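Enquirer: Numbered as in numbering that gives the first Met the number 0, the sequence shown ends at 108 without a single skipped number.
A virtual CB, placed ideally from N, CA and C, is assigned to each residue, including glycine.
Quantities reported herein were computed from a predicted structural model and do not represent experimental measurements.
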Amino acid sequence: MLAHLSGFVIACLGWIPPLAVYLAKRNQSPFVRHHAAEAANFQITLLIPYAIAWVAFIGLGIFSPELSWIGSLLIALIWIVAIVFGVIGASGANKGTWYRYPVSIRLLK
């Protein structure tokens, strides 16, 4: 559960705790390995929209300061998505189900 919930607390560095859980427990429990890998993959995938949102925020801030709120809104929306899917993933792990994030680049298996 820690792997799923750490992402919205740390935002762009949310991939570190799930990766640490994955590396520490991958040989001990297939269930924990699955959930840690899913959480890490999702958090790594979120780096792409976070980067795009930051570029939009900075770019709009430089060239059109009155529109820089769009980048802030994008960052907030990505963070909300991370919270929602993290809570769903943690709930699935708590119930004993093998939850998979719907949008995730599968880097860890």
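Restricting to Cα atoms, I'd like to know which of Val-54, Leu-107, Phe-41 and Pro-17 is closest to Ile-69.
Expert: Locating residue 69 in the sequence shown gives position 70, counting from the first residue. Out of Val-54, Leu-107, Phe-41 and Pro-17, Val-54 has the C-alpha closest to the C-alpha of Ile-69.
Enquirer: From Ile-79 to Ile-47, what does the alpha carbon distance come to, in whole angstroms?
Expert: Mapped onto the sequence shown, residue 79 falls at position 80. Mapped onto the sequence shown, residue 47 falls at position 48. Using only the alpha carbons, I get a separation of about 15 Å.
Enquirer: Checking 9 Å against the spacing of the C-beta atoms, do Ala-38 and Ser-90 come in under that value?
Expert: By one-based count along the sequence shown, residue 38 stands at place 39. By one-based count along the sequence shown, residue 90 stands at place 91. No, these two residues do not count as a Cβ contact at 9 Å.
Enquirer: Cα separation between Lys-24 and Lys-108?
Expert: Start at 1 with the first residue of the sequence shown, and residue 24 comes out as number 25. Start at 1 with the first residue of the sequence shown, and residue 108 comes out as number 109. Computed Cα separation, rounded: 13 Å.
Enquirer: With DSSP as the reference, label Ser-63 as helix, strand or coil.
Expert: As a working note, residue 63 is residue 64 in the sequence shown. In the structure shown, Ser-63 sits in coil (DSSP, three-state: anything other than H, G, I, E or B).
Enquirer: Which residues in the same chain as Ser-67 place their Cβ atom closer than 7 Å to its Cβ, once the five residues preceding and following it in sequence are excluded?
Expert: Counting from one through the sequence shown, the residue named residue 67 turns up at place 68. So the list reads Phe-56, Leu-59 and Gly-60, once near-sequence residues are dropped.
Enquirer: Going by C-alpha to C-alpha distance, which of Leu-45, Ala-36 and Ile-43 sits closest to Ala-92?
Expert: Position 93 of the sequence shown, counted from the first residue, corresponds to residue 92. The option with the nearest alpha carbon to Ala-92 is Ala-36.
Enquirer: At a Cβ threshold of 9 Å, is Leu-72 touching chain B?
Expert: Note that chain B does not occur in the displayed structure, where there is just one protein chain.
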